[in-house]
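> Just dropping this structure here.
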Amino acid sequence: MKFASRVTNVVPSLTLAVDAKAKAMKKEGIDICSFSAGEPDFDTPTHIKEAAKKALDEGKTKYGPASGEPALKEALAKKLFEEDNLNFKPENIIVTNGGKHSLFNLMLALIEVDDEVIIPAPYWVSYPEMVTLAHGKSVIVPTTVEQNYKITPEQLRQAITPKTRIFVLNSPSNPTGMVYTPEELQELAKIIPLLSLEDRKLINLSKNGKETVLRN
Numbered sequence: 001m002k003f004a005s006r007v008t009n010v011v012p013s014l015t016l017a018v019d020a021k022a023k024a025m026k027k028e029g030i031d032i033c034s035f036s037a038g039e040p041d042f043d044t045p046t047h048i049k050e051a052a053k054k055a056l057d058e059g060k061t062k063y064g065p066a067s068g069e070p071a072l073k074e075a076l077a078k079k080l081f082e083e084d085n086l087n088f089k090p091e092n093i094i095v096t097n098g099g100k101h102s103l104f105n106l107m108l109a110l111i112e113v114d115d116e117v118i119i120p121a122p123y124w125v126s127y128p129e130m131v132t133l134a135h136g137k138s139v140i141v142p143t144t145v146e147q148n149y150k151i152t153p154e155q156l157r158q159a160i161t162p163k164t165r166i167f168v169l170n171s172p173s174n175p176t177g178m179v180y181t182p183e184e185l186q187e188l189a190k191i192i193p194l195l196s197l198e199d200r201k202l203i204n205l206s207k208n209g210k211e212t213v214l215r216n
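If you're matching positions, the sequence shown starts at 1 in the UniProt record's numbering and goes up one per residue.
Here you go:
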């Protein structure tokens with residue numbers, strides 16, 4: 001069977017490869033501490049498991065709205081307003097099967113063939129492959145330890161071309177852990193004449209508060 005080029009051009013996830021290796025070694029009885037997949041070392045909280053069981057017992061197993069259950073979207077809108085001061089209506093929210101699914105949907109919805117996506121490095125390994133699947137081009141902007149692995153306003157300005165479609169901002173960063181300050185976000189926001197894709201899945205781990213470019 002011959003696969004489409006958009007599939008064969010995608011590089012397999014090194015994170016998953018390392019994770020599989022670590023699990024195989026653990027199965028062999030080797031004492032190993034894995035730093036591969038970003039998975040918590042605690043189980044799903046009891047109240048969440050109980051809610052899932054309750055939903056199953058109540059027969060909530062049929063097709064639901066494609067964009068997410070209305071009650072869930074209302075709760076998410078309330079959370080975003082109370083915790084982040086972000087005013088979104090439930091109809092502005094789409095519930096997906098995790099962060100990767102959400103980001104991939106965005107790439108497919110927004111990128112035309114050969115559109116450019118600016119990605120500061122180091123970066124989460126999945127970003128460029130999502131761009132590839134959407135027939136876009138990743139523009140990798142290197143950063144250094146001296147600049148705390150943060151893209152500077154000048155670097156961002158120089159990376160933007162007429163083909164630029166998206167700027168990916170990941171704060172707190174996977175894999176470096178760095179967090180942009182409110183002042184740094186404000187300076188970046190002044191330059192962005194395009195869509196900023198803000199990946200905030202690790203935001204609750206930040207000690208610096210929930211700063212976001214969406215408020216700047």
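Think of the CB as a built atom: it goes at the ideal place given N, C-alpha and C, for glycine as much as any other residue.
All values derive from a computational prediction rather than experimental measurement.
(1) Please state the DSSP three-state secondary structure of P142.
(2) Can you grab the Cα-Cα spacing for the pair K78 / A159, in whole Å?
(3) Mind listing, in chain order, the continuous beta strand (DSSP E) runs of no fewer than 3 residues lying wholly within the stretch 142-196?
(4) By Cβ distance, which residues of its chain are closer than 8 Å to P153, with the 5 residues on each side in sequence left out?
(5) Can you list, in chain order, the stretches of the alpha helix (DSSP H) that have 4 or more residues and sit fully within the stretch 8-76?
(6) How close, in whole Å, do the beta carbons of M34 and T15 come, if the pair is a contact with beta carbons under 8 Å?
(7) So what's V117 in DSSP terms, helix, strand or just coil?
(8) Using a Cβ-Cβ cutoff of less than 6 Å, which residues in the same chain neighbour R215 once the five nearest sequence positions on both sides are dropped?
(9) Around the C-beta of P142, are 16 or more other C-beta atoms found within 10 angstroms, so that it is buried, or is it exposed?
(10) I151: which of V95, E129 and Y180 sits nearest, CA to CA?
(11) Would you list the residues sitting across from K79 in a DSSP beta bridge?
(12) Within 10 angstroms of its Cβ, does E211 collect 16 or more other Cβ (buried), or is it exposed?
(13) For the putative contact between V117 and S138, defined by C-beta atoms under 8 Å, what is the C-beta separation to the nearest angstrom?
(14) Report the residue from I94, K54, A22 and P122 whose alpha carbon sits nearest the alpha carbon of P175.
Quick look at the numbers:
(1) Here P142 sits in strand by DSSP.
(2) A direct Cα-Cα distance of roughly 36 Å separates K78 from A159.
(3) You should have 164-170.
(4) Same-chain partners within the cutoff: E187, L188, K190 and I191.
(5) Taken in chain order, the complete alpha helix (DSSP H) segments of 4 residues or longer contained in the stretch 8-76 are 14-27 and 46-57.
(6) Just to set this straight, residue 34 is Ser in the shown sequence, not Met. About 11 Å separates the two Cβ atoms, so there is no contact after all.
(7) In this structure, V117 counts as strand in the three-state DSSP scheme.
(8) Residue confidence is low: R215 scores 44 on pLDDT, short of 50, so the model does not pin down where it sits. Its coordinate-derived value is still stated next. Cβ neighbours of R215 beyond the five flanking positions: none.
(9) A residue is called buried when at least 16 other Cβ atoms come within 10 angstroms of its Cβ; P142 does not meet this threshold and is exposed.
(10) When each option's Cα is compared against that of I151, the closest is Y180.
(11) In DSSP, K79 forms no bridge with anything.
(12) Confidence is the limiting factor: at E211 the pLDDT is only 49, short of 50, which leaves the residue's position unreliable, though a coordinate-based value still follows. It counts as buried.
(13) Correct: roughly 6 Å between the Cβ atoms.
(14) Out of I94, K54, A22 and P122, P122 has the C-alpha closest to the C-alpha of P175.
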